[in-house]
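Working notes, beginning with the structure itself.
Number of protein chains: 2
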Amino acid sequence: MAKERLTSFDIAYLAGVSQPTVSRALRGSASVSEQTRKRILAIAKQHNYTVDRHASSLRTQRSNTLALLFFEDPTDDDTMINPFFLAMLGSITRAAADRGHDLLISFQSQDSDWHAAYRDSRRADGIILLGYGDYTEYAPKLARLEAQDTPFVLWGLPPGHEAVGTAIGSDNVQGGHVATRHLLERGRRRIAFLGSVSAGCPEFQARFDGHAAALAEHDLGIEPALMADARSIEEDGRVAMRAILSRGVAFDAVFAVSDLIALGAIHTLQEAGLRVPEDVAVVGFDDIPSAALGSPPLTTVAQDVRTAGTALVEALLARIAGQKVESRLLPTRLVVRKSSG
Amino acid sequence: MAKERLTSFDIAYLAGVSQPTVSRALRGSASVSEQTRKRILAIAKQHNYTVDRHASSLRTQRSNTLALLFFEDPTDDDTMINPFFLAMLGSITRAAADRGHDLLISFQSQDSDWHAAYRDSRRADGIILLGYGDYTEYAPKLARLEAQDTPFVLWGLPPGHEAVGTAIGSDNVQGGHVATRHLLERGRRRIAFLGSVSAGCPEFQARFDGHAAALAEHDLGIEPALMADARSIEEDGRVAMRAILSRGVAFDAVFAVSDLIALGAIHTLQEAGLRVPEDVAVVGFDDIPSAALGSPPLTTVAQDVRTAGTALVEALLARIAGQKVESRLLPTRLVVRKSSG
DNA sequence: CTGAAAGCGCTTACAG
DNA sequence: CTGAAAGCGCTTACAG
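In order, the protein sequence lines correspond to chains A and B.
FYI, UniProt numbering numbers position 1 of the first sequence as 1, with every residue one higher than the one before it.
FYI, UniProt numbering numbers position 289 of the second sequence as 289, with every residue one higher than the one before it.
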């Protein structure tokens with residue numbers, strides 16, 4: 001029921017040592033005798049004493065806190081967050097906690113001046129960036145962060161990423177390749193591609209490159225009539241699927257650049273009276289929770305969320321420590337469910 | 001490319017005033033002339049100066065940070081987070097940001113001594129608690145937090161919540177009532193109930209109470225053969241549904257205490273050759289993203305995530321400010337989709 | 001191995 | 001309306 005918070009001076013008094021000795025003992029300094037250290041730790045524990053993080057941070061100039069910034073396409077519904085990023089959150093949080101760091105989270109709109117706020121106010125030692133709306137608008141801000149010497153890591157590996165600092169991302173080319181090869185192995189030959197292939201969406205572009213490469217291996221080319229733009233939500237998938245259906249071209253499979261888009265496509269196909277997978281096989285990307293729960297369950301390319309969280313946090317801590325950190329590609333994994341036959 | 005971080009002394013020098021005046025100007029103190037304030041703000045902005053949060057917090061003893069603690073049933077997969085809580089996260093983050101507070105997030109296991117850590121280390125001014133595994137084990141910890149005078153708010157309103165401090169929760173009795181009434185209005189009379197009705201799950205218990213009340217209004221009673229235990233994940237829903245099917249009792253509807261459980265039930269029903277909603281109508285609870293994306297889309301009781309986030313943050317800030325805050329029930333809303341016919 | 005001293009960058013009485 | 005001074009609770013050279 002202690003109303004007064006104890007300080008290291010109080011603990012020092014109780015232990016019969018000086019305050020600096022308490023500080024050293026708590027931080028595990030080698031220059032405190034084992035016996036003294038144990039006594040101090042016991043007393044601290046008994047009185048629920050914990051170092052004041054602000055005093056400590058002020059003195060050391062390190063906050064032991066990482067900031068996780070989500071960027072979202074602006075939507076009306078604040079609560080609509082890309083489910084894939086949400087999965088990453090759990091993984092990142094644990095990775096940070098395991099390494100003794102707190103995690104501050106924030107949702108940012110594209111236009112805010114986030115590039116300054118976290119670092120300048122010392123709330124966080126570094127920044128993890130997730131999602132970026134349109135990459136072409138985003139890139140200049142990354143360059144500024146880099147110029148400012150703010151430690152950050154980016155999720156998703158755009159082409160030319162060397163110029164934008166350290167990035168960790170899935171091997172999207174490989175992922176796209178695996179998805180389309182799987183459909184080809186199942187005997188499908190006319191594979192529609194749903195997703196935005198543009199500089200604004202470098203990750204989707206990479207998935208498309210993998211898709212095209214897999215087709216080429218079977219001497220198949222890209223047919224513009226089998227492609228439709230889609231960027232993020234389920235509705236985008238519906239719109240894209242309807243566009244292709246309206247063209248009257250034949251197709252027996254769909255590769256969508258995200259699960260949300262794939263789910264939209266499946267719903268549109270089913271409403272049009274087509275059976276999935278009998279008439280049209282569908283493969284998505286991400287392996288969000290809804291993928292396994294749909295009817296039929298969705299075959300998809302899973303990103304390795306667990307490894308991603310750890311890799312992001314470790315890369316960021318290394319950068320904070322002043323090390324050079326190479327960008328890194330993480331392998332993806334095909335998860336076969338019923339939607340692909 | 002300023003490598004040296006500026007302090008309020010630097011800004012003071014540049015503005016030709018004393019350092020305290022800079023501090024006052026930045027905090028909008030009334031005792032700084034309008035002209036001086038504008039000049040100081042301009043200079044601060046120009047030099048990207050931001051107040052050092054640690055120095056400020058050390059001095060004021062306020063961190064302007066809230067901690068969001070998730071409690072999860074222990075699972076192997078760290079990334080499996082209840083999708084409903086994830087939706088709350090977005091809402092809480094924005095509510096905190098709107099009120100000038102950062103949000104620290106952390107996943108806790110049931111047994112950690114979280115009740116001390118955040119407050120004692122001054123990292124956060126208060127705590128928002130989400131999820132609690134088994135409530136009977138959890139309640140004593142809440143009592144301890146309360147005794148320690150740590151400001152906190154709890155999501156979910158257990159019976160007797162007055163004793164555990166401030167809680168904000170959905171009106172689960174009303175929600176359960178609305179769900180079952182809806183099924184009754186659609187002409188269903190034999191309604192299975194999937195969910196754990198026990199002291200460990202007070203929210204599910206409340207949903208059951210609403211369910212029972214709705215039945216009673218139609219002169220229907222509870223049939224134990226139509227009830228089965230289920231706690232959280234989709235697989236729990238499958239197991240519960242199979243249990244009821246195996247009993248060979250007739251039923252034409254299912255009310256599940258969560259969407260995840262409802263989705264598991266639907267899958268099991270469909271695998272057993274039953275049609276949803278023709279043979280069995282299904283209603284869930286939460287309105288997670290997967291609910292709308294399934295086949296058929298799930299009728300469910302939506303919790304008001306937006307209001308919940310705001311209410312939690314405001315209640316917590318009021319408690320931090322030393323005010324008494326009443327616990328509060330939020331209304332739920334039935335979202336009718338295809339699964340209920 | 002331990003202690004006395006300085007200082008991290010603010011905010012806020014206090015005095016004018 | 002503004003400034004000089006004290007102090008929040010630590011950590012870390014420095015000296016012994």
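Glycine included, C-beta positions come from ideal geometry on N, C-alpha and C.
From a predicted model like this one, the values you see are computed outputs, not experimental measurements.
For the stretch 283-298 of chain B, the beta-carbon criterion of a distance under 7 angstroms to any beta-carbon of chain A is satisfied by 289, 290, 293, 294, 295. Looking at B/317, B/27, B/240, the one whose alpha-carbon comes closest to that of residue 255 of chain B is B/240. Each of B/337, B/320, B/235 was checked against the Cα of residue 260 of chain B, and the nearest Cα belongs to B/235.
Between the stretch 37-44 of chain B and the stretch 84-104 of chain B there are fewer than three C-beta pairs closer than 8 angstroms, too few to call the two in contact. Pairing residue 337 of chain A with residue 304 of chain A gives a Cβ-Cβ distance that is not under 8 angstroms. Looking at A/143, A/120, A/61, A/11, the one whose alpha-carbon comes closest to that of residue 51 of chain A is A/11. Here DSSP, grouped into helix, strand and coil, assigns residue 136 of chain B to helix. Put simply, the CB of residue 234 of chain A is near chain B, with a gap under 8 angstroms to one of its CB atoms. Ranked by Cα distance from residue 203 of chain B, the options B/89, B/291, B/48, B/286 are led by B/286.
Against residue 82 of chain A, chain B offers no close residue; the least beta-carbon distance is about 10 angstroms (beta-carbon pairs closer than 7 angstroms). In the DSSP annotation of this structure, residue 168 of chain B is not part of any alpha helix (DSSP H); the continuous beta strand (DSSP E) holding it starts and ends at 167-170. With respect to residue 86 of chain B, residue 86 of chain A sits close: the two C-beta atoms are nearer than 8 angstroms. Setting aside the 5 residues that flank it on each side, residue 200 of chain B is surrounded in the same chain by 134, 135, 136, each with a C-beta closer than 7 angstroms to its C-beta; the list follows chain order.
The beta carbon of residue 205 of chain A lies closer than 6 angstroms to those of 197 in the same chain, with the five residues before and after it left out. Between residue 335 of chain B and residue 299 of chain B, the gap from beta carbon to beta carbon is short of 8 angstroms. Among the residues of chain B, those whose CB is under 9 angstroms from the CB of residue 107 of chain A are 90, 93, 94, 97, following chain order. For residue 7 of chain A, there is no enclosing beta strand (DSSP E), as DSSP marks it with neither H nor E. In this model, residue 322 of chain B and residue 208 of chain B are separated by some 36 angstroms (Cα to Cα). Counting only unbroken stretches of 4 or more residues, the alpha helix (DSSP H) elements lying wholly within the stretch 240-325 of chain A are 259-271, 289-293, 305-320, in sequence order.
Identification of residues in the stretch 250-275 of chain B having a C-beta nearer than 9 angstroms to some C-beta of chain A yields 260, 263, 264, 266, 267, 270, given in sequence order. Chain-order list of chain A residues neighbouring residue 51 of chain B: 121, by C-beta distance under 7 angstroms. The beta-carbon of residue 101 of chain A is placed no less than 8 angstroms from the nearest beta-carbon of chain B. Inclusion of residue 211 of chain B and residue 184 of chain B in the CB contact set at 8 angstroms is not warranted, their separation being larger than that value. Listed along chain A are 58, each with a C-beta nearer than 7 angstroms to that of residue 55 of chain B. In terms of CA proximity to residue 155 of chain B, B/313 leads the group B/313, B/7, B/320. Straight across, the Cα-Cα distance linking residue 173 of chain B with residue 331 of chain B is about 10 angstroms. Listed along chain B, no residue sits closer than 7 angstroms to residue 66 of chain A by beta-carbon distance, the nearest being about 11 angstroms off. Rounded to whole angstroms, residue 289 of chain B and residue 64 of chain A show a C-alpha spacing of 34 angstroms.
For the 8 angstroms CB-CB criterion, residue 226 of chain B and residue 244 of chain B form a contact. The beta carbons of residue 329 of chain A and residue 169 of chain A sit about 6 angstroms from each other, so the pair counts as a contact at 8 angstroms. Taking a Cβ-Cβ cut-off of 9 angstroms, the neighbours of residue 104 of chain A in chain B comprise 65, 102, 103, 104, 105, given in sequence order. One alpha carbon belongs to residue 278 of chain B, the other to residue 176 of chain A, and they sit about 39 angstroms apart. For residue 336 of chain B, the secondary structure class from DSSP, reduced to helix, strand or coil, is coil.
Distance from the CA atom of residue 221 of chain A to the CA atom of residue 233 of chain B, rounded to whole angstroms, is 43 angstroms. Using a Cβ distance threshold of 8 angstroms, residue 281 of chain A and residue 339 of chain A count as a contacting pair.
Counting other Cβ atoms within 10 Å of its Cβ, residue 246 of chain A stays below 16 and is therefore classed as exposed.
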